[in-house]
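By this note's numbering, the letter at position 9 of the sequence shown is numbered 74, and the numbering carries on one by one without gaps. These notes concern the structure reproduced below.
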Amino acid sequence: NVPHYALKDITFRGYKIPKDTVIIPMLHSVLRDEGQWETPWTFNPEHFLDSNGNFKKNPAFMPFSAGKRSCVGESLARMELFLFTVSLLQKFTFSSPNGPDGIDLSPELSSFANMPRFYELIASPR
66 NVPHYALKDI TFRGYKIPKD TVIIPMLHSV LRDEGQWETP WTFNPEHFLD SNGNFKKNPA
126 FMPFSAGKRS CVGESLARME LFLFTVSLLQ KFTFSSPNGP DGIDLSPELS SFANMPRFYE
186 LIASPR
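Shown next as structure tokens:
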């Protein structure tokens, strides 16, 4: 959702966009597209699994933007997130003080973006 601007006067789907107009792509809207996701308004990791439980890539999932202006650090970010998460899971067992049913997975909405909720977790060394 990084702002861009029009380099020249263009027409997009019948709308005239003058040169130097700031354009803010709302890529998060594709994450709520009912044509792309079975349950777009709920946390559902099964969106990324096929019928055999294997990972299934969905082109509608674009956390690093798309096209020639996508994030150049995407591969580094994915690798770092993977290593960080794996090292935490290797060293700790995580639980919730209120049990798994006490975790609210609905997004915290603000006027511009989804915000992560605050959670209480117990990290027990393995």
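All residues carry an ideal CB built from backbone N, CA and C; glycine is no exception. Given the structure is predicted, the values throughout are model-derived calculations rather than measurements.
Assigned secondary structure, serine 160 (DSSP; H/G/I helix, E/B strand, else coil): Here residue 160 refers to the residue found at position 95 of the sequence shown. Judged by DSSP in its simplified three-state form, serine 160 adopts strand.
Can you tell me whether DSSP reads threonine 76 as helix, strand or coil? Position 11 of the sequence shown holds residue 76. Correct three-state label for threonine 76: strand.
Report yes if the CB atom of alanine 125 is closer than 9 Å to the CB atom of tryptophan 102, and no otherwise. As a first step, residue 125 must be located in the sequence shown, where it is residue number 60. As a first step, residue 102 must be located in the sequence shown, where it is residue number 37. Yes, these two residues count as a Cβ contact at 9 Å.
Sequence-distant residues of its chain with Cβ nearer than 6 Å to leucine 186 (five each side left out): Residue numbering aside, residue 186 sits at position 121 when the sequence shown is read from its first letter. Excluding sequence neighbours, leucine 186 sits near Phe159.
Note down, one range per segment and in chain order, each beta strand (DSSP E) of at least 3 residues found wholly within the stretch 75-162. 75-77, 80-82 and 157-160
Helix, strand or coil at proline 68 according to DSSP, with G and I counted as helix: Stepping through the sequence shown from its first residue, residue 68 is reached at position 3. Proline 68: coil per DSSP, three-state reduction.
Could you check whether the stretch 108-117 touches the stretch 72-82, counting it as contact only if at least three pairs of C-beta atoms, one from each stretch, sit closer than 8 Å? No, they do not touch.
For proline 172, does the three-state DSSP call read helix, strand or coil? Locating residue 172 in the sequence shown gives position 107, where the first residue counts as 1. Coil at proline 172, not helix or strand.
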